[in-house]
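Report on the following structure.
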Amino acid sequence: MCSATPFDTRYIYAVSRARWPGEHLTYSCQSGYSFRDSLTSTTRTTICQDNGQYSTLSPCYRTCQPPVTGDNIHASKTGTIYGHDVITYTCSTGFELPSAERTVYVLCQQNGVLNTTHIPNCQPVRCHLNNLGPNSYADDMYLSYGNNADVYCNEGYQFPSGGTSLRVHCQSDGRLSSPVPSCQLIYCAIPMVPNAIPSNISFVPFEQSITIQCRQGFQFPSNTTTAVIKCGENNNFSPTLPDCMRRQCHIPATDQWFDITSILTQGAAYFFEDVVDVNCIKGYSFPNGASQGRVTCGVNGSFTPQCSRRSCVLPETNDRVLYKPGPYYYGDTVNLTCRPGYTFQDGRDSVLISCDEFGSFGNISVFCKSQPVLLLANEQNAAQKAGIIGGVGAAVIVLLLFIVAIVYLVRRSRGTAQTNKKNTAQTKMLDQNADYSEHLNANEHIADFAGDPGFTQIEVYGPSSHAQIDPQYENTFGVIAATSDIPHDDSGLYAVPDKRKKMISSYHDEGVDSDHDGFYDPAKDPDVADDVVFVDNDIYEAGDSENADV
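With UniProt numbering as the guide, the letters of the sequence shown map in order to residues 1 to 550.
Structure, rendered in structure tokens:
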């Protein structure tokens, strides 16, 4: 017979009574315990043997309740958990525990209690983007498993590959698909612009500007010689520069300083260093004085050399002429005016001259001279103004005219003889009047030349000798000492305009050759300070000189 309880009733439960050999005993595990192989039944059966022992008994083991788990986690064992069992819980691929671990271990303790009763949910793996290198950033701090994100460089920086952004993928192990390199400062290489002045630097950093300048004679299509470009993204300058082109010289539609009809190809385009043959317009010339020449398109877009208005030089004159100072150019007119009391050779007191196309005022004389006037006519005019009436006045005038006529004839005959004696046949200077001035420092002898009744010749001598002065000699008053012809009539009396003879009778006893040198003595009047000389028996004043030799 077999005993009623052949096992530990703490773990196994059965009806407690003895069993005869061959009798079966059905038993089960106490609560909290379980058979290891109890996959289909929670009870077991044993047979009482003849020896009073039951056949093999299955032991009961302490069990633990499975822990509570979330999604995306897997256990290494399913079903009943027995004492001392260790269960491994692992997160699915791409997921992790909040602790960033992917695996957790659970132990079923002897008392049937797990060492942890709750396993947290597994969450998607996150790749960190907050530890990027300097000068780079991403839109989010983290990137979930399986997702993509773009990493950017700060403005002015780029990745070594040359780009400013990089796409990365978050892997299941929480690492990015590729490491993110550091961003580097952008540099732009100086562009090589044809016909531009080379730069002395090779690169410039981001946002820095440089000026590109065309060589002399070249310019950009915008007609400028310089352009500013700025280093930007992708190592490129902006704006993009065109080539420097040869500068164009434009031929104006209207006449300028050259004759447009002289251009061989009218309307053609001419550029820097092109050469053209041109003619200057009327009154213009090149610097070398030529009216024709070759011009070159220059660096500033204009032809050189250029024609300019011809300049004129004022003819030689004396200090009695008033005019506006130069310079004078083609087309300019100059008004020449004599000082009061003086006139030009033709008797005018002013003359207008023009600078012509050849750069000349013409072959003219612009000297002002003191014009002799008819003294008798002046006295007659004065007499008329005074209203001389009566026979007495008329008789006096007739008597004076008679005396003058006698003196004139005597002097004329003596002068002609003296001229022949001295053989002073000199070439007459035609169309030139004698020029009288105040304070002449020379003795003067006036005699008719070759008996010509129409002209009177003046010869000028030094004050202390009778040697003739160089005809080109000019005294301090600008009066040229030379032989001159004075037109007159047979009956006229002449005097310098600024000298007036007070009384004709003052000269009735003159015309004496006291030293027998062939020259008449100057007329002296004790009542008149003026000195006079005789011209073919006509009386002329020689000035106010106090020199007794005059």
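Backbone N, C-alpha and C define an ideal beta-carbon position, used for all residues, glycine too.
For cysteine 280, the enclosing beta strand (DSSP E) has its first and last residue at 275 to 280. Secondary structure at leucine 322: strand, using DSSP grouped into helix, strand and coil. The C-beta separation of alanine 196 from cysteine 244 comes to about 5 Å, placing the pair in contact by the 8 Å criterion. Valine 86 and alanine 14 have their C-alpha atoms spaced approximately 30 Å apart. A contact between stretches requires three or more CB pairs, one per stretch, nearer than 8 Å, and the segment 53 to 61 fails this requirement with the segment 134 to 144. The bridge partners DSSP lists for isoleucine 212 are Ala227. Its chain contains Asn135, Ser136, Phe159, Thr164 and Cys183 as the residues whose beta carbon lies nearer than 7 Å to that of cysteine 153, once the 5 sequence neighbours on both sides are disregarded; these appear in chain order. Out of Thr240, Ile201, Val276 and Asn236, the CA that lies nearest to the CA of histidine 250 is found in Val276. From the listed residues Gly301, Asn279 and Asn300, the smallest Cα separation to glycine 293 is found for Asn279.
The segment 113 to 130 and the segment 95 to 104 touch, with no fewer than 3 CB-CB distances between them shorter than 8 Å.
Residue state for leucine 409 is assigned as helix, using DSSP reduced to three classes.
In this structure, tyrosine 145 lies away from cysteine 122, with their beta-carbon atoms at least 7 Å apart. For a cut-off of 8 Å, the C-beta gap from tyrosine 284 to serine 302 is around 16 Å, too long to register as a contact.
A straight-line Cα-Cα distance of about 9 Å links tyrosine 157 and tyrosine 187.
For phenylalanine 95, the secondary structure class from DSSP, reduced to helix, strand or coil, is strand. In the DSSP annotation of this structure, the continuous segment of the beta strand (DSSP E) that includes proline 205 starts and ends at 203 to 205. Between serine 161 and the set Ser172, Ser76, Val180 and Gln213, the nearest pair of CA atoms involves Val180.
Per DSSP, the continuous beta strand (DSSP E) segment holding histidine 74 begins and ends at 73 to 75. In terms of Cα proximity to isoleucine 47, the closest of Leu176, Pro6, Val68 and Gln30 is Pro6. DSSP links proline 124 through a beta bridge to Phe95. Beyond the five residues adjoining it in sequence on each side, glutamine 213 comes within less than 7 Å, by CB distance, of Ala196, Ile197, Thr225 and Thr226 in the same chain, given in chain order. For phenylalanine 271, the secondary structure class from DSSP, reduced to helix, strand or coil, is strand.
Valine 351 carries a strand assignment under DSSP once its states are collapsed to helix, strand and coil. Distance from cysteine 297 to tyrosine 330 at the Cβ level is roughly 26 Å; contact not present, criterion being Cβ atoms closer than 8 Å. With respect to the C-alpha of serine 222, the residue from Asn236, Arg246, Asn72 and Gly32 having the closest C-alpha is Arg246. The closest CA to that of leucine 25, considering only Tyr54, Tyr408 and Phe203, is found on Tyr54. Our two residues, asparagine 318 and asparagine 363, have alpha carbons roughly 16 Å apart in a direct line. Taking the Cα positions, serine 177 is about 9 Å away from arginine 167. The beta carbon of valine 68 is closer than 8 Å to those of Thr117, His118 and Ile119 in its chain, skipping five residues each way along the sequence. With a 10 Å radius around the Cβ and a threshold of 16 neighbouring Cβ atoms, serine 370 comes out buried. Distance from the CA atom of aspartate 346 to the CA atom of cysteine 368, rounded to whole angstroms, is 10 Å. The Cβ atoms of proline 287 and proline 305 sit closer than 7 Å to each other.
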